[in-house]
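So for the sequence shown, my numbering puts the first residue at 32; every next one is plus one. Written below as structure tokens is the structure these notes are about.
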Amino acid sequence: MKILVVNCGSSTLKYKLFEMEGERVLAWGMADRIGSAGSRIYHRVPGREEIVLDDPLPGHGEAAERILGLLTDAGRGVLGAAAEISAVGHRVVHGGEFFQQPVLVDDGVILTLEECSDLAPLHNPPNLTGIRVCRRLMPHAAQVAVFDTAFHQTMPEYACLYPIPYRYYKDFRVRKYGFHGTSHKYVSARAAEIAGSGSGDLKIITCHLGNGSSLCAVRGGRSVDTTMGFTPLAGLMMGTRCGDIDPSIIPYLAEKEGLTAGRVVEVLNKDSGALGISGISSDFRDLFRAAGEGNKRARLAIDMFVYRVAAGIGSLVPAIGGLDMLVFTAGIGENSPEIRREVCAYLTWLGVLLDDDRNSVRGAEAEISAPGSAVKVLVIPTDEEKMIARETALLLK
Ligand code: AMP
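Written out as structure tokens, the structure reads:
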């Protein structure tokens, strides 16, 4: 069975085609700058050179048509016809409280997704565009929506409600939703697989540390708490996002700077986090380089990030009543031995003991804890596309 995974942003369309037998990737790529000058498609097939198409792409529909053209091209394609694609798995950021599981898309689901759009106005509308385009171009294929929020729908009420007037939850659905669910689910399931038999009640904290960062407390395979909230702005400090701050700062800054509350929130999303503190970059490779050259604010940004990750891990331990496994994933989690070492140095009281040699790993699966460590510490590269393909295949069964 062949499954195409699609992730639509406002000006991008990322895709990966899987042969589910053996979970082989047949092709992958991305359309970039859709709707503006300089639009491009980068297309890859394993073992072959990258193809770059410099065609104008006025909309997602044209991008998807070109991509299907590349996939089915007589000379360089990997499919005889688009009809070989059994299903399309769509990444959808927000499923509100409606979706705890992936869902087969029909007209009713589209209406519900439209209702969720005011919860994620930047993300859900392009996700919906992707669904509409693929329904039109591949009417034979099942369309499945897989939600970033779904894995966290198992959080108990006491963990996911905010202590504000209850009617804001009832009337406006203001609560913690959590994001990166597909990634947390994938790496926690893989950690349980590594733990082997008797993993039924495992207590795991997964650390998705990338441009966006979040932690998730997982017990017995279910998310019981996570650090992101009503939106992906909450929780940990991130590349450009502030994470948790005192909400009174927003009207205070609005008044001081003569900004609207909306504009302050934009600053908190785009100009804050590691970039805001360092004044240099949101990329931790740049921050380590600058800190090595003596830049104090770059070092401060790293120290703040590490402290907040460690404090976040500590705050999640009660949710699962202990800690058996700690998993690092995503850009920073997979590739930065320094961040992992510094975070774990805060956690010795929990019985976390790293092995420095093992911790030198980058971008590969490995156990990095020392033999005597009470908590098994793992690096597990995340694969959200593979997880979406798996969830899509599972639903079709
Ligand atoms: P992601 O959002 O998961 O793609 O992660 C991207 C981020 O990972 C980048 O912005 C970097 O901050 C970080 N990253 C990638 N490689 C490294 C590395 N070798 N050391 C530190 N940070 C890294």
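The beta carbon of each residue, even a glycine, is placed where N, CA and C say it ideally should be.
query	result
Helix, strand or coil for Phe-130? Go by DSSP, reduced to three states.	coil
Is the Cβ-Cβ distance between Leu-409 and Glu-398 less than 8 angstroms?	yes
Entirely within the region 359-415 and at least 3 residues each: give me those beta strand (DSSP E) ranges in chain order.	407-410
Return the first residue and the last residue of the alpha helix (DSSP H) that Arg-253 is part of.	No alpha helix (DSSP H) contains Arg-253, which is instead part of the beta strand (DSSP E) from 253-257.
Excluding the five sequence neighbours on either side, which residues of its own chain have a C-beta within less than 6 angstroms of the C-beta of Gly-362, listed in chain order?	Gly-241
Taking the Cβ atom as the reference point for each residue, do Arg-75 and Gly-92 lie within a distance shorter than 8 angstroms?	no
According to the neighbour-count rule (16 or more other Cβ atoms, all chains shown, within 10 Å of its Cβ), is His-171 buried or exposed?	exposed
Bridge partners for Cys-39 per DSSP, in chain order?	Leu-44
DSSP state of Phe-178, grouped into three classes?	strand
What are the boundary residues of the alpha helix (DSSP H) that Arg-198 is part of?	197-203
In the structure shown, what three-state DSSP assignment does Gly-108 receive?	coil
Opposite Arg-421 in the DSSP bridges: which residues?	Arg-421 is not bridged to any residue.
Contact between the region 216-226 and the region 243-259: three or more CB pairs below 8 angstroms?	yes
Could you tell me whether the region 298-318 touches the region 273-289, using the rule of 3 or more Cβ pairs below 8 angstroms?	yes
Go through its chain and collect everything with a Cβ distance to Thr-180's Cβ below 8 angstroms, but skip five positions before and after it.	Val-124, His-125, Gly-126, Gly-127, Phe-130, Tyr-208, Gly-209, Phe-210, Gly-212
So, helix, strand or coil for His-429, using DSSP?	Outside the shown range of the chain (32 to 428) lies residue 429, about which nothing can therefore be said.
I'd like the list of long-range same chain contacts for Leu-331, defined as Cβ closer than 7 angstroms, with 5 residues on each side in sequence excluded.	Ile-308
Could you check if Gly-155 belongs to the surroundings of ligand 1, using beta carbon to heavy atom distance under 7 angstroms?	The residue you asked about is not Gly; residue 155 is Asn in the sequence shown. Outside the cutoff, so no.
Any chance the region 346-358 sits against the region 318-327, with 3 or more Cβ pairs inside 8 angstroms?	no
Tell me whether Cys-13 sits in a helix, a strand or coil according to DSSP, three-state version.	What is shown of the chain runs 32 to 428, which leaves residue 13 out entirely.
Work out the CA separation of Gly-325 and Pro-157 for me, nearest whole Å.	42 angstroms
Considering only their Cβ atoms, is the gap separating Ala-58 from Leu-44 smaller than 8 angstroms?	no
Note down the Cα distance separating Leu-135 from Ala-292, rounded to an integer number of angstroms.	38 angstroms
Would you say Phe-261 and Val-205 are within 8 angstroms of each other, going by their C-beta atoms?	yes
Relative to the C-alpha of Thr-423, which candidate in Val-140, Val-119, His-154 has its C-alpha closest?	Val-119
I need the boundaries of the alpha helix (DSSP H) containing Ile-72, first residue and last residue.	Where Ile-72 is concerned, there is no enclosing alpha helix (DSSP H), although the beta strand (DSSP E) it sits in stretches over 71-75.
Out of Asp-355, Leu-168, Val-177, which has the shortest C-alpha to C-alpha gap to Ile-419?	Val-177
Report buried or exposed for Ala-395, applying the criterion of at least 16 other Cβ atoms within 10 angstroms of its Cβ.	exposed
Would you call the region 151-166 in contact with the region 223-230, where contact means no fewer than 3 C-beta pairs closer than 8 angstroms?	no
Near Leu-99, what residues of its chain come up, given a Cβ to Cβ distance below 7 angstroms and the 5 sequence neighbours on each side ignored?	Ala-113, Leu-168
Would you check if the distance between the CB atom of Ser-244 and the CB atom of Leu-264 is smaller than 8 angstroms?	no
Count the other CB atoms within 10 Å of the CB of Phe-203; is the residue buried (16 or more) or exposed (fewer)?	exposed
In the DSSP assignment, what residue or residues form a beta bridge with Arg-250?	Lys-234, Arg-253
For a quick check, are the C-beta atoms of Val-406 and Val-374 less than 8 angstroms apart?	no
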